[in-house]
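Asks: In terms of the working numbering, the sequence shown is residues 3 to 333.
Encoded as structure tokens, here's the structure I'll be asking about.
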Amino acid sequence: MDAGNLNKVGFLDVAIDPSLDIFDEIEKLKKEKKAIILAHYYQEPDIQDVADYIGDSLGLAQKAESTDAEVIVFAGVHFMAETAKILNPHKKVLLPDLRAGCSLSDSCPPPLFKAFKEKHPGHLVISYINCSAGIKALSDIICTSSNAQLIVESLPKDQKIIFAPDKNLGGYINKKTGRNMLLWNGACMVHEIFSLQKITKLKQRHPDAKLIAHPECEDAVLQIADFIGSTTQLLKYTEKSKDNTFIVATEAGILHKMQQNSPGKTFIAAPPDNACACNDCPHMKLNTLEKLYLCMKYGQPEIIMDEELRLAAKKPIDRMLSLSKKLGLTA
Ligand code: 13P
Ligand code: SF4
């Protein structure tokens, strides 16, 4: 099979023998191809269950940096697989569906951001990892929701900073650190969809429940949250907490791991402000177990990068990874 079989929109559209046990086949392919499957918590449960490592964006970047596998199969979205490729130019990095993008990353096009940066000279640029390689190449340091606060605090108080692309995470870090970072006006479509009114009602119906939220949520939701953190931090909080019920304001995929790790506890997905009551990320959910199997079998779709762009985007990622190591933030 060659690239000609790649569906025009970016995934392999090949029929799979229905008698195959895809779980078994994926295990065989892992050995045969010396491949590792890295998955984000927002992937569907079947994908999480075949993954060798499941994590948040920081954990995934650290795992991608340290793996000795020959092939990295990235069950996540494009900017995550691209980050893995930036760190591993000589490895094959596969993404089951190349269309798996990110609304937050899309909210910050490099030419517009370059003009914004030029309008505000003298600023250091911190970019959330949820951005394209083009934005990374225009940045000084990358951060994730796990390390953003510590990275900002590691800089001198009078350092002028531009924070991109997430205005909600940036605003939250401004509040926590007392800084006044200049924020790019971007946001994640999933985390902006929660309904304050419905969450408030839910809290009234479950007075003992703790509301836990991702910092990509809007300020109004964060203000009433009992705990705020990255996906891994939210998961760890539910494992350690003595409480039994949690209203979870982030993408619903994380509930699978929360339930697996704390079987006796109750997890309620925070209600969004839409009619289908769904807070799934449409980009993350483009990956399926079938597409994962096909991409491992045929070695595509693959992330391919321009070398000059890769090198420019690597610098601020390396800075984040070494700062994280220094700060003791390991996956
Ligand atoms: P983290 O997994 O780093 O918390 O980020 C959440 C997210 O929106 C990933 O796309
Ligand atoms: Fe992007 Fe939001 Fe989806 Fe994460 S959940 S991939 S930030 S659109």
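Where is the CB? At the ideal position from N, CA and C, for every residue including glycine.
Given the structure is predicted, the values throughout are model-derived calculations rather than measurements.
May I ask you to report which of helix, strand or coil DSSP gives Y43?
Replies: It is coil, neither helix nor strand.
Asks: Return the residue from the list E310, L294, Q302 that minimises the CA-CA distance to D48.
Replies: Looking at the Cα atoms, L294 is the closest of the given residues.
Asks: State the Cα-Cα distance for the pair G188 and Q235, rounded to the nearest angstrom.
Replies: Those two C-alpha atoms are separated by around 23 Å.
Asks: Helix, strand or coil for S148, going by three-state DSSP, please let me know.
Replies: S148: coil per DSSP, three-state reduction.
Asks: Per the DSSP calculation, G57 is bridged to which residue(s)?
Replies: DSSP, once it has assigned bridges, lists H42 as partnering G57.
Asks: Got a sec? Which residues, its chain only, sit under 8 Å from C145 by beta carbon, not counting five neighbours each side?
Replies: Result list for C145: I128, S129, Y130, I131, I153, V154, M322, in chain order.
Asks: Taking the straight line between their C-alpha atoms, what separation do you get for L140 and A315?
Replies: Roughly 8 Å separates the two Cα atoms.
Asks: With distances taken between CB atoms, is the gap from I38 to V75 smaller than 8 Å?
Replies: Taking 8 Å as the Cβ cut-off, I38 and V75 qualify as a contacting pair.
Asks: For A5, name the three-state secondary structure that DSSP assigns.
Replies: In this prediction, A5 scores a pLDDT of 45, lower than 50, which makes its location untrustworthy; no coordinate-derived value is stated.
Asks: Check for me: the beta strand (DSSP E) holding I164 runs from which residue to which?
Replies: Per DSSP, I164 belongs to the beta strand (DSSP E) from 163-166.
Asks: Is it true that the segment 49-58 meets the segment 86-94, where meeting means three or more beta-carbon pairs spaced less than 8 Å apart?
Replies: They do not touch, by the three-pair rule.
Asks: Using the beta-carbon count (16 or more within 10 Å), is S324 buried or exposed?
Replies: Classification for S324: exposed.
Asks: Helix, strand or coil for K328 per DSSP?
Replies: Correct three-state label for K328: helix.
Asks: Taking the alpha carbon of H125 as the point to measure from, which residue in F115, L184, K244, M82 has its own alpha carbon closest?
Replies: Ranking F115, L184, K244, M82 by Cα distance to H125 puts L184 first.
Asks: Any residue with its C-beta under 5 Å from a non-hydrogen atom of ligand 1 counts. Can you list them all in chain order?
Replies: The filter returns D58, S59, T146, S147, S232, T233, in chain order.
Asks: Since A77 is in the beta strand (DSSP E), which residue starts that stretch and which ends it?
Replies: Taken as a continuous stretch (DSSP letters only), the beta strand (DSSP E) holding A77 covers 73-77.
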